[in-house]
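Notes for the one structure printed next.
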Amino acid sequence: MMYMSSVQLMLMGARLVLYDGSPFTPDPKNFIRLVGEQKITHLGISPRYMQTLQMNGINPKDVTDLSHLKIVTSTGMVLSDALFEWFYDFGFAPSTQLCNISGGTDIASAFGTANPILPVYVGGCQCISLGMAAEVFDSTIEGGQGVKGVPVEGGVPGELVCTKAFPTMPVKLWGANSAERCWTHGDFIMIHPQTRQVIFLGRADGVLNPSGVRFGSADIYSVVDANFSDIIADSICVGQRRPQDNDESVMLFLLMKPGKAFTPDLVRRVRAAIRKEHSPRHVPKYVVYI
């Protein structure tokens, strides 16, 4: 959907700076220097880009003058709590707003967005976008009247749905029989009961469900990134349920940084951190080295 945003910005008379190719070529600081040279005010990047900067000890505010930078927008994948903290503690100036947004090309818009007059809390998007009747449904319960699912209260995870029409609604959203009453976006989310921020936990089709406890892979990644980024290069968490299995097993695969060892003690520490941050039911059954 970002090319659509480019068109919108040009219609408003803004000057666009587009970058093609790897932001780490010819060196990891090249892209940040360009931001300073062009005096960019609104910068769009991804969580993966920020994670790479963090892992390499590169703090953009120390590389070039970013006093003109007002907003940094992040999208494309779940932005971990650890990266929120890195952004304000090390990466960028406190006066720069971190705008975490989430939407899709098919809706040409965003369900979760940012607001300059609201406080920024760690995790998720600041609020639901204007014009979007976004709610959280438990899709495992039949809602009746053509709706698969029922709404849940704040703080309870579930599937992101939109229950009313919106301006950029795709053609033929309602289907051939016009019986469907919700737009299902395929994201597993939670709306914070106090702040109302929209917290994205992963894709709905990738929800982990051991012993009936549903949670997203982002819950696991946030713990790994926050506590073990100095020794673990990357991780992936998936569920395994074979035809002969009565329950789903959560498997966590770890890629170690060069020179770092995968040990039984590390496995114990990872499991302990997940248990402390979330619950015993979140702890992966298998932790595997790749």
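Numbered by mature numbering (1 follows the signal peptide of the UniProt record, and there is no 0), the letters in the sequence shown go through residues -19 to -1, 1 to 271 in order. The beta-carbon is built from N, C-alpha and C at its ideal position, and this holds for glycine as well. This structure is a prediction, so every number in the text was calculated from the model and none was measured.
Distance between residue j and residue i (C-alpha atoms, nearest Å)
i, j, result
"SER260", "ILE170", "18 Å"
"PHE120", "ARG(-5)", "Going by the sequence as given, residue 120 is Ser instead of Phe. Using only the alpha carbons, I get a separation of about 43 Å."
"LEU50", "ALA74", "9 Å"
"GLY130", "GLY240", "48 Å"
"SER203", "ALA63", "7 Å"
"LEU141", "THR22", "31 Å"
"LEU189", "SER198", "7 Å"
"ARG177", "GLY139", "15 Å"
For residue i, the nearest candidate out of the options (CA to CA)
i, options, result
"ILE213", "THR33, PRO151, MET(-16)", "THR33"
"ASP168", "THR176, PHE181, GLN175", "PHE181"
"CYS106", "PHE71, MET(-16), ASN81, MET(-8)", "ASN81"
"ALA91", "ILE98, TYR69, ALA114", "ALA114"
"LYS10", "THR22, GLN(-12), MET(-8), ASP46", "ASP46"
"VAL269", "THR22, ARG256, ALA242", "ALA242"
"GLU229", "SER192, PHE65, ARG252", "SER192"
"PRO28", "SER48, PRO4, THR56, ASN40", "THR56"
"VAL231", "LYS266, LYS238, ASP186", "LYS266"
For residue i, the three-state DSSP class (helix, strand or coil)
i, result
"residue 280", "Lying before the first or after the last residue shown, residue 280 is absent from the chain, which here runs from -19 to 271."
"VAL248", "helix"
"TYR(-17)", "helix"
"TYR270", "strand"
"ILE180", "strand"
"LEU233", "strand"
"GLU116", "strand"
"ASP168", "strand"
"ILE217", "strand"
"PHE196", "strand"
"PRO132", "strand"
"LEU189", "strand"
"ASP(-9)", "In the sequence as presented, Asp is not what sits at residue -9; that position holds Leu. LEU(-9): helix per DSSP, three-state reduction."
"VAL142", "strand"
"ALA207", "helix"
"ALA242", "coil"
"TYR202", "helix"
Cβ separation of residue i and residue j, assumed to be a contact under 8 Å, to the nearest whole Å
i, j, result
"GLN78", "VAL101", "7 Å"
"THR149", "ILE52", "That belief does not hold up - the Cβ atoms of THR149 and ILE52 are roughly 22 Å apart, past 8 Å."
"LEU15", "TYR(-1)", "7 Å"
"THR144", "GLU116", "6 Å"
"PHE147", "GLY112", "5 Å"
Could I get the ranges of all uninterrupted beta strand (DSSP E) runs contained in the stretch 42 to 110, with 3 residues as the minimum, in chain order?
52 to 55, 78 to 81, 83 to 85, 90 to 94
Scan the stretch 2 to 36 and note each continuous beta strand (DSSP E) run of 3 residues or more that stays entirely inside, going in chain order.
23 to 26
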